[in-house]
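Visitor: Can you keep this structure in mind? I'll have questions shortly.
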Amino acid sequence: MSGFGRLVRAEWTKFRTVRGWVLGLVAAAALTAGLGLQTAAGSHSSCGAGTVEVACPSAPVGPGGEAVTDAFSFVHQRLDGDGAITARVASVTGRIRKPDVRPGVTNLVSGVVPWAKAGVMVKDGTKEGAAYAAVMVTGAHGVRMQHNFTGDTGGTTASAPAWLRLVRSGDKLIGYESADGRTWAEVGTATLAGLPDSVRIGLFVASPGDLTFSQDALGGVVSAQRFTEATAVFEEISVLGAAAGDAWRYDDIGVTMGPDGKPHHPGGHVRRGDTFTVTGVGDIAPVGDEGGMRIEQTLTGLFTALIVVVVVAVMFITAEYRRGLIRTTLTASPRRGRVLAAKAVVAGAVTFVTGLVAAGITVPLGRRILEANGNRVLPVSTLTEMRVVAGSAALLALTAVLALALGALLRRGVVAVTVAVAVTVLPYFLATVSVLPLEPARWLLRLTPSAGFAIQQTLVEYPQVAAHYTPVLGYYPLPPWGGLAVSAAYAALALGLAVVKLRGRDA
Amino acid sequence: MSRHLRAEWTKLRTTPGTGWLLLAVVVLTAGVSAAVAAAVTNQPFDVPRTALAGVVAGQAVVAVLAVLMISGEYGTGMIRTTLTAMPRRGGVLAAKAALLTGLTLAAGTVAVLGSVAAGRLLLPGGQALSLTGGPVLRAAAGSVLYLVLVGLLSLGVAAAVRDQAAAAGVVLGLLYLLALMTFLIQDADWQRFFYRLSPMNAGLTVQATAGLQALPLSPWAGLGVLAAWAAAALTAGGLLLKHRDA
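Chains as they are written, first to last, in our numbering: chain C, 689 to 1195; chain A, 58 to 303.
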């Protein structure tokens, strides 16, 4: 066995023979799983249908597998094979509900929300979540080409009136815009894999709810989504294609049903000659945190494990100083840097395995329990789920190495534990549930060891979706692996400093 | 009792870390308060509470000071000398608690005054902060008491747990972990339950001056929760100290 291998074995022997540490880690894993599964088991949800409670319908899922909202007014006809639609969006107007000024009196003002959408669309049927491509005028983001909920390309025209054209050839869709209906510029192209021969083509209007945020008394943020609707006037409509001339049909796709069984905030359309006036409510977009629970929410117990891991890792080194064992250790292996490295390997590996077992049980099982209780859980790929599990374990391991290094640097257990907890948990706390505004909160999660919590993020931020992208709702400022890299850098830095200090100091 | 106090005071005074830790309580509390005040751009929902935000960080140093007062003795074996010289173990813990109260009262007052001063200078809407006003005075004085009670809670835990790293873990877990749990839980009823249970959330309710009717606890009742935690910890620590080998 190599010299370093023997050192690692010696440190492993020291670790596993202290009963309190082993029990502490087992308890940490059990607490993580227990708290996670307990909360999952306690979360129930059901939906009302008239006077009875039924299981909530599952959220529609887009072609890419993500949860989506797909609600809009659609005036459409059949298109077989290749074809095109051209229309002029003459105007877009709308109404927004604002907080009531007088109680009980609905406060509606006229206006269009920034991401209201009006334009032309090709869609694989009228089912929510079906593949689509569309060119549209938006409230404040100009002409855009969007497809399959996540794809988004900007055009040049700023606002209505605007001419829009969408051309289909096979599974390829090309969007065009024009100011005068004569010279056309391409906005973007989209490939809808597996688009069938027969699709629906037509005009659509959507208007996402108006988001407002206020602070709640407990320190969190309450978001409210208020009703908005948009109305667009379409002129000069022409459809080219094999089935051209088919009758127009209207669908209020994804409309919510009220308790009386009638549509709640329905859209609508009026045809006057060749002019269509279409009113729409809702949005065509991926949903974030408001679409359901996130799998990482089953891991709230990880904080317990984090504190136990910090205490055990600090004691792994400070106990040697307290008992004088450090002198034996350093006599037996005078190369001090390697001793600390061996300790870091053992502490990191042991806590990684602990975290892997805890998260590996909690996440998949917690998700099943949540789903069985009727909760909507945002769908994620297996790879993402594995990243959350392994990443959480890695975060525990990095925290253990950081705590070990702080223990070696500071030698006093209480100071090392406090500093380790203060730099890993406190910034997360301040960034998520305190009075701190968004920007400083984001900087805390970029610059401190708390950045590593980003590895748990399963939500995706979309620039074309207005939402509250804040840490408390599960959106971190750094990408998952980037955040973990920041934590790793802190652990490496602290370990490096500890090695230098251990070499230059009497034990 | 005065002899107990003198002995403990001599130990505390001659331990090199004490002065630095007291300084750290002031610097960290006022510093974090000032940083938050400088970072806030719009007038916050609760101005006094935002001005006192640094207490969340400063309490960790108070915990370190309190844990070291007793775990430090276990670490070096000094505790045996202490208990030989002063066999009335309850008296030893009481003397430590009295000294800790005095020191955190002094450091906490300076820290809170510093935070309020920083708030007046930096916080939008902070110019109106005045300690003559009832709710603001209650928030400020309550914050000092909060720090004192966190110290006593930590002292009790340290007397019970003895090992300093473990004691720090228990104290920080009680404070930060329970506070985080309150917000990570989805269910509103459980959230309010955890809020009432958590020594930090409940205790810091004493800082609240806005939206009081929406809080699960009144300000003083909240500080009472923390006081109950501190009393329970001190009792447990005292009993264990009395009936256990040192």
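Ideal Cβ positions, reconstructed from N, Cα and C, are used throughout, including at glycine. Note that the structure is a prediction, hence the values are computed from the model and not measured.
#1: Under a three-way DSSP split, which group does isoleucine 242 of chain A fall into?
#2: Name the chain C residues whose beta carbon is nearer than 7 Å to that of isoleucine 136 of chain A?
#3: Relative to chain A, which residues along the stretch 1114-1145 of chain C have a C-beta separation below 9 Å, given in chain order?
#4: Can you give, in chain order, each stretch of the beta strand (DSSP E) that sits fully within the stretch 927-996 of chain C and has at least 3 residues?
#5: Specify, as a first and last residue, the run of the alpha helix (DSSP H) that tyrosine 864 of chain C falls within.
#6: Taking just the CA atoms, how far does leucine 990 of chain C sit from leucine 304 of chain A?
#7: Could you give the uninterrupted runs of the beta strand (DSSP E) lying entirely in the stretch 149-187 of chain A, keeping only those of 3 residues or more?
#8: Any C-beta of chain A sitting closer than 8 Å to the C-beta of glycine 1101 of chain C?
#9: Could you give the distance in angstroms between the alpha-carbon of valine 1107 of chain C and the alpha-carbon of leucine 994 of chain C?
#10: Under 6 Å Cβ to Cβ from serine 255 of chain A, same chain only, skipping five residues before and after it: list those, please.
#11: In terms of residues, what are the limits of the beta strand (DSSP E) holding arginine 820 of chain C?
#12: Under 8 Å between C-beta atoms, does leucine 317 of chain A make it to chain C?
#13: Please compile the residues from chain C whose C-beta is within a distance smaller than 8 Å of the C-beta of aspartate 220 of chain A.
#14: Apart from the five residues on each side of it in sequence, which residues of its chain come closer than 7 Å, Cβ to Cβ, to serine 1021 of chain C?
#15: Tell me whether alanine 1155 of chain C sits in a helix, a strand or coil according to DSSP, three-state version.
#16: Report back the beta-carbon spacing between isoleucine 941 of chain C and glutamate 754 of chain C to the nearest angstrom; my notes put them in contact at under 8 Å.
#17: Rounding to the nearest angstrom, what Cα-Cα distance links alanine 1142 of chain C and glutamine 765 of chain C in this structure?
#18: Going by the beta-carbon positions, is the gap between leucine 1166 of chain C and alanine 1139 of chain C smaller than 8 Å?
#19: When the distance is taken between beta carbons, is threonine 1158 of chain C closer than 8 Å to threonine 988 of chain C?
#20: Counting pairs of Cβ atoms below 8 Å between the stretch 1036-1044 of chain C and the stretch 1071-1086 of chain C, do you hit three or more?
#21: What would DSSP say about alanine 110 of chain A, mapped onto helix, strand or coil?
#22: Quick one: residues in its chain with C-beta nearer than 7 Å to the C-beta of serine 1069 of chain C, no 5 flanking neighbours on either side, listed in chain order?
#23: Which residues mark the beginning and the end of the alpha helix (DSSP H) in which histidine 61 of chain A is found?
#24: Could you name the residues that DSSP lists as bridge partners for lysine 811 of chain C?
#25: Give the DSSP-derived three-state secondary structure of phenylalanine 1197 of chain C in the structure shown.
#26: Under 9 Å Cβ-Cβ, which residues of chain A neighbour isoleucine 983 of chain C?
#27: From the DSSP output, which residues share a beta bridge with arginine 856 of chain C?
#28: Check the Cβ-Cβ distances between valine 1065 of chain C and every residue of chain A, and say whether any is below 8 Å.
#29: Shortest alpha-carbon distance to aspartate 898 of chain C belongs to which of C:Ile925, C:Leu928, C:Glu917, C:Gly956?
#30: Does the beta carbon of arginine 1010 of chain C come closer than 8 Å to any beta carbon on chain A?
#31: Classify aspartate 971 of chain C as buried or exposed, calling it buried when 16 or more other Cβ atoms lie within 10 Å of its own Cβ.
#32: Is it buried or exposed, leucine 188 of chain A, if we count other Cβ atoms within 10 angstroms and call 16 or more buried?
#33: Does aspartate 244 of chain A come within less than 8 Å of chain C when only Cβ atoms are used?
#34: Per DSSP, isoleucine 784 of chain C is paired with what?
#35: Classify glutamine 248 of chain A: buried if its beta carbon has 16 or more other beta carbons within 10 angstroms, exposed otherwise.
#36: Considering only residues of the stretch 1033-1103 of chain C, which uninterrupted alpha helix (DSSP H) runs meet the minimum length of 4 residues and lie entirely inside it, listed in chain order?
Guide: Put simply:
#1: coil
#2: Within 7 Å Cβ-Cβ: nothing; isoleucine 136 of chain A doesn't reach chain C, min ~13 Å.
#3: Leu1114, Tyr1116, Phe1117, Leu1118, Thr1120, Val1121, Ser1122, Val1123, Leu1124, Pro1125, Glu1127, Pro1128, Ala1129, Trp1131
#4: 937-941, 956-960, 963-968, 972-974
#5: No alpha helix (DSSP H) holds tyrosine 864 of chain C; the beta strand (DSSP E) holding it covers 860-866.
#6: Outside the shown range of chain A, which is 58 to 303, sits residue 304 of chain A, and nothing can be said about it.
#7: none
#8: yes
#9: 13 Å
#10: If we look at serine 255 of chain A and ignore the five residues flanking it on each side, its Cβ neighbours are Leu235, Ala236, Thr239.
#11: The sequence shown places tyrosine at residue 820 of chain C, not arginine. Looking at the DSSP string, the run of the beta strand (DSSP E) that includes tyrosine 820 of chain C is 820-826.
#12: The question about residue 317 of chain A has no answer, for chain A in this structure spans 58 to 303.
#13: Met1003, Gly1101
#14: Leu695, Val1027
#15: coil
#16: Contact flag wrong, Cβ pair sits at about 18 Å.
#17: 45 Å
#18: yes
#19: no
#20: yes
#21: coil
#22: Gly753
#23: 59-71 is the extent of the alpha helix (DSSP H) around histidine 61 of chain A.
#24: C:Tyr820, C:Arg888
#25: Given that chain C is displayed from residue 689 to residue 1195, the structure contains no residue 1197 of chain C and the question cannot be resolved.
#26: Chain A residues near isoleucine 983 of chain C: none, gap ~14 Å exceeds 9 Å.
#27: C:Gly771, C:Leu861
#28: no
#29: C:Glu917
#30: yes
#31: buried
#32: The residue is exposed, with fewer than 16 neighbouring Cβ atoms inside 10 Å.
#33: yes
#34: C:Val797, C:Thr916
#35: With 16 or more neighbouring CB atoms inside 10 Å of its own CB, glutamine 248 of chain A falls in the buried class.
#36: 1070-1098
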